[in-house]
Amino acid sequence: MLNVFLYLNKEEKWKQTTGQDEDENMKIIETYGNYIEKWSNENPDRARWLLKTGWKAQNLKFRFAPDKRLMPAEQYLARLMMDTMIRPLERPEESAIVSIFTPCEILQEAGLHPYNVEGFSCYLSASKAERAFLQQAENTGISETLCSYHKTFIGAAQKKVLPKPKCIVYTNLTCDANLLTFKKLAKMYDVPIFAIDVPMQQNEDNVQYVADQLRKLKDFIEECTGKKITDPTSGMRMVGRDVIGFYAKNYPKDYPEPESVVTILKNGKKVEELPVQMNAREEGVSSISPRKSVYYMIKVSLAILIAAFRR
150 MLNVFLYLNK EEKWKQTTGQ DEDENMKIIE TYGNYIEKWS NENPDRARWL
200 LKTGWKAQNL KFRFAPDKRL MPAEQYLARL MMDTMIRPLE RPEESAIVSI
250 FTPCEILQEA GLHPYNVEGF SCYLSASKAE RAFLQQAENT GISETLCSYH
300 KTFIGAAQKK VLPKPKCIVY TNLTCDANLL TFKKLAKMYD VPIFAIDVPM
350 QQNEDNVQYV ADQLRKLKDF IEECTGKKIT DPTSGMRMVG RDVIGFYAKN
400 YPKDYPEPES VVTILKNGKK VEELPVQMNA REEGVSSISP RKSVYYMIKV
450 SLAILIAAFR R
């Protein structure tokens with residue numbers, strides 16, 4: 150927890166408190182985590198309820214009594230990330246377990262919420278509830294050297310504290326543990342799984358290789374959700390008067406095509422896609438290099454995530 154500072158006089162001098170408030174806050178969090186750990190052994194549904202209720206309470210604090218020392222953007226980020234953690238607990242049937250670099254815009258287009266292993270485990274740890282889950286994973290044969298984030302998530306899933314998702318989508322980027330963690334989770338939950346293999350070398354062949362996998366991911370998501378996905382990146386838009394008024398105040402800037410679809414669906418509007426015949430390029434070359442393709446995939450995923458939870 151952050152230290153508390155008191156404003157003292159007109160010269161804007163600050164004085165740090167003795168740390169007593171911090172100690173009291175830590176005691177509350179430790180008690181909260183102890184009960185989650187205890188109930189995870191006795192009644193997993195009750196442990197999940199406590200986890201969700203505590204996070205909702207913290208989210209109310211973020212909204213109505215934010216830390217004034219934080220910049221507005223940081224306050225917004227705190228609310229955004231707490232929303233991201235709560236959603237899978239509330240609507241697991243509309244969630245997909247993902248790794249940290251999974252391109253989530255296709256999932257969002259189909260109405261699936263990212264259920265991020267690494268992020269979720271960070272919040273379990275901050276809630277002082279990770280010890281029992283780490284021990285659970287190791288008791289079932291998971292190596293002590295495996296990433297602690299992955300072990301925490303596996304242990305919580307084994308204890309049935311974390312609900313069953315609709316499906317699992319992951320990549321091999323950053324961490325080799327992905328190759329084992331997500332397969333184990335898919336078997337445990339008995340849900341379909343899709344892996345995106347991203348080669349280390351950046352060249353045209355590898356970009357095409359990843360693009361082909363993303364097209365197959367579209368088919369996988371359609372099969373899992375029963376929803377048809379065509380092209381969320383098309384720039385052509387036909388909208389009514391009310392949506393024009395909405396977009397005039399809320400139209401995204403960086404990645405308007407996929408973000409605008411997510412934003413309008415989130416606000417209860419209907420989106421219908423119509424096919425358009427596209428001709429092949431006759432001259433010139435694409436401005437998107439292999440390096441830019443990877444950068445775009447990561448950045449637009451974050452942009453879509455923010456658009457999905459912006460109020």
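Residue numbering for the sequence shown follows this note's numbering, beginning at 150 and increasing consecutively.
Think of the CB as a built atom: it goes at the ideal place given N, C-alpha and C, for glycine as much as any other residue.
As the structure is a prediction and not an experimental result, all values here were calculated from the model.
In this structure residue 240 is exposed. Its beta-carbon is surrounded by fewer than 16 other beta-carbon atoms within 10 angstroms.
One Cα belongs to residue 348, the other to residue 267, and the distance between them is close to 22 Å. By the C-beta criterion, the region 282–291 is judged not to be in contact with the region 313–322, since fewer than 3 inter-stretch pairs fall below 8 Å. For residue 301, the uninterrupted alpha helix (DSSP H) run begins and ends at 297–307, by DSSP.
Of the residues 192, 187 and 174, the one whose Cα lies closest to the Cα of residue 309 is 192. Take the alpha-carbon of residue 371 and the one of residue 217: they are about 44 Å apart. DSSP links residue 319 through a beta bridge to 344. Rounded to the nearest whole angstrom, the C-alpha separation of residue 375 and residue 174 is 46 Å.
If only uninterrupted alpha helix (DSSP H) runs of at least 4 residues are considered, those enclosed by the region 245–278 are 254–258 and 266–275. In this structure, DSSP gives residue 394 a helical state, which the three-state scheme calls helix. When secondary structure is reduced to three states using DSSP, residue 355 falls in the helix class.
With a cutoff of 9 Å on beta-carbon distance, residue 259 and residue 378 are scored as near each other. For the region 162–232, the continuous alpha helix (DSSP H) assignments of 4+ residues that do not extend past its boundaries occur at 169–191 and 193–213, in sequence order. For the pair of segments examined, the region 211–226 was found not to touch the region 329–338: the number of CB pairs separated by less than 8 Å stays below three. Distances from the alpha-carbon of residue 411 to those of 256, 233 and 359 put 256 closest. CA-to-CA, the gap between residue 235 and residue 298 works out to about 18 Å.
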